[in-house]
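Some notes on the structure that comes next.
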Amino acid sequence: MPTPWTPERRAQQAEHARKVKPWLHATGPRTPEGKAICARNPYKGGHWRTFRDMHKLLNAELRDARRLIEQVRR
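Using my numbering, read the sequence shown as starting at 24 and increasing by one per residue.
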């Protein structure tokens with residue numbers, strides 16, 4: 024478990040952040056490729072639904088195939 028932040032440690036970290044100013048170094052993507060990748064960040068997908076539907080169809084086909092095999096064996 025991490026140690027809790029003491030007031031001294033918090034003040035030291037705040038001072039360090041004011042010196043380094045990490046918010047000035049956060050630039051985001053610079054290249055067109057990086058911008059294209061980041062533009063897709065909010066995309067949630069949707070492929071799982073297609074995959075699930077295909078999975079259901081495959082299972083139905085396998086069930087039908089098992090029934091046919093059982094009918095042929097009788």
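C-beta atoms are modelled at their ideal positions from N, C-alpha and C, and glycine is treated no differently.
Asked	Found
C-alpha gap between residue 63 and residue 74, whole angstroms	20 Å
CB of residue 51 within 8 Å of CB of residue 61, strictly	yes
Cα-Cα separation, residue 76 to residue 36	52 Å
Through-space distance from residue 39 to residue 30, alpha-carbon basis	14 Å
Residue 70, enclosing alpha helix (DSSP H) - first and last residue	70 to 96
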